[in-house]
Each structure stands twice: as structure tokens, then as C-alpha cells.
Amino acid sequence: MKKPAVLLALTASLLAPLATPALAAPKISAQSIIVNPVPTTLAAQVWVDRDPSGTRTPNYRIGDRIRLSVSVNENAYVYLFNVNPDGSVDQILPNRLSGSNYVRRGEIRTFPASGDNFVFNVGGPAGLNKVLVVASRRQLDLSELSTFQAGQPFASVKPQGSQQLAQALSIVVNPVDQPIPQQDWVSDTAFFNVTY
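Structural data, given as C-alpha cells:
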């Protein structure tokens, strides 16, 4: 008589993890750096000025000016990073020159904007660059990821390389102390080649 009760309890304990959905960890891939595995209605797009469709990988020569654009389908905080071919990472947004990193639904924000007092010139080394946008319904704390030095308009990014940036970002969007619901953020990546 105890066998069916034990079997029922064992079956229930094995099926319990399937009945309660667990939060999936962000997926990390070389192509897109960090991908949210949870479906969300939030969408973001990033592109470079020589490819408004965001589907190609245009070429830029060292010294060319480049402009990056983003759009979101819901109001969101936008964070932009560039991963250079040598693995170094630049934080583009937020910065101390462009104002807020809050982007409204349907708005296209370009960096640098026409009224900004700075330009982005493509630097070396030659190779494939990845521009990553992370859009979040909530403001993210990047203090473990990047820091502003006194008087510097752009933050220095501590982790270098796609893999290290992805791991650091997965901690930022999924902090232990106050987890951000995974459906509250999304990412997108644009690519461009740097040539001599």
C-alpha cells in the first residue's frame, strides 16, 4: 500500500520543476553578444548610417565619420556599446555629451545627433566591429561594467572582448539583489567592417 504513495510522491517531485517556469539565463553568442531567451514585446533596433536596413555589413575606412541610430517600439533606456576587432569595448551611450539615454517609442535617435558638439570617427584596428544596443524598460546600473573618469565624456568599459562583455551584461540585466524581469529588456547588434 505504501508503494503507490511513494511512487506518486516521486512522480510529483520529478514533475514539479516542469510545472513552475524558471527564469532562463541570457544566451551569449558570438554573433549577437547577448540575447534574451524570454519572449518580450519590447523590441530595439540598431544600425549604422551606411546601412539603414541593419541587414548588411558596410565598410568604413579609418578616419571616416560614422553615425549610429537606434529605435525602440516602447519607451526604454538605451545602452550602446562597440566591440572593436581587437576585443576592446567602447561605451557609446550613456555618455556625458548626448544627454539622456531614454528613448521614446517610435523615436529614432542618432548618435551623434545633428546638434551634438562631437563626431565619431572610425578608428583602427581593421576588421569587424559589433555595435550592441541593450534596451530596458528600467534603468540599468552599469557601475560594475563601466566608469566615468574625471572630466572624460565617455565611460571606460572594464570587461574587454565579446565574451566578457556578454557575461558582465548578463549580470547587469539579471542582478542577484533586484532581478529585472527578463521580459523588460532586449538587445540587437549591427556590424560594420573597418578597412585601411
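If you count by mature numbering (1 follows the signal peptide of the UniProt record, and there is no 0), then the sequence shown holds residues -24 to -1, 1 to 172, one letter each, in order.
We treat Cβ as the ideally placed atom computed from N, Cα and C, and that holds for glycine.
Taking a contact to mean a Cβ-Cβ separation below 7 Å, would you say residue i touches residue j in this structure?
i: Q136; j: V65; result: yes
i: A102; j: V170; result: yes
i: V162; j: T17; result: no
i: D25; j: R43; result: yes
i: V46; j: R72; result: no
i: V14; j: Q159; result: yes
Just reading off the beta strand (DSSP E) that residue i is part of, what are its end residues?
i: S47; result: L44 to V48
i: S163; result: W161 to T171
i: G99; result: First-last for G99: undefined, no H or E at that position.
i: R37; result: N35 to R37
i: F57; result: A52 to V59
i: D66; result: V65 to L69
Which residues in the same chain have their Cβ closer than 8 Å to the Cβ of residue i, if we skip the five residues on either side of it in sequence?
i: F167; result: T33, L104, N105, K106 and V107
i: K134; result: E120, L121, S122, T123 and A144
i: V79; result: V46, S47, V48, N51, A52, Y53, V54, R85 and A111
i: R41; result: V95, F96, N97 and V98
i: E83; result: S47 and V48
Would you kindly report the start and end of the unbroken alpha helix (DSSP H) that includes residue i?
i: S76; result: Neither: S76 is in no alpha helix (DSSP H) and is coded neither H nor E.
i: A142; result: S138 to V149
With a CB to CB cut of under 7 Å and the five nearest residues on each side skipped, what residues in its chain are close to residue i?
i: T(-14); result: Below a pLDDT of 50, predicted positions are generally treated as unreliable, and T(-14), at 32, falls in that range; the measurement from the model is reported next regardless. Counting only Cβ-Cβ distances below 7 Å, and skipping sequence neighbours, we find nothing.
i: residue 183; result: For residue 183 there is no data in the structure shown, the boundaries of the chain being -24 and 172.
i: I68; result: L44, L56, F57, N58 and F87
i: S132; result: S122, T123 and Q125
i: G99; result: I38
i: Q115; result: Y53
Could you tell me how far apart the beta carbons of residue i and residue j are, in whole angstroms, since I believe they sit closer than 8 Å?
i: F87; j: L141; result: About 18 Å separates the two Cβ atoms, so there is no contact after all.
i: V95; j: D117; result: Not confirmed; about 29 Å, so no contact.
i: S74; j: D92; result: 6 Å
Which residues in the same chain as residue i place their Cβ atom closer than 6 Å to its Cβ, once the five residues preceding and following it in sequence are excluded?
i: P70; result: N77
i: A20; result: V48, V109, A111, V162 and D164
i: P129; result: N71, R72 and L73
Check whether the segment 30 to 45 and the segment 117 to 132 are in contact - that is, three or more C-beta pairs closer than 8 Å.
no
Cβ contact (3+ pairs, closer than 8 Å) linking the segment 55 to 74 and the segment 23 to 32:
no
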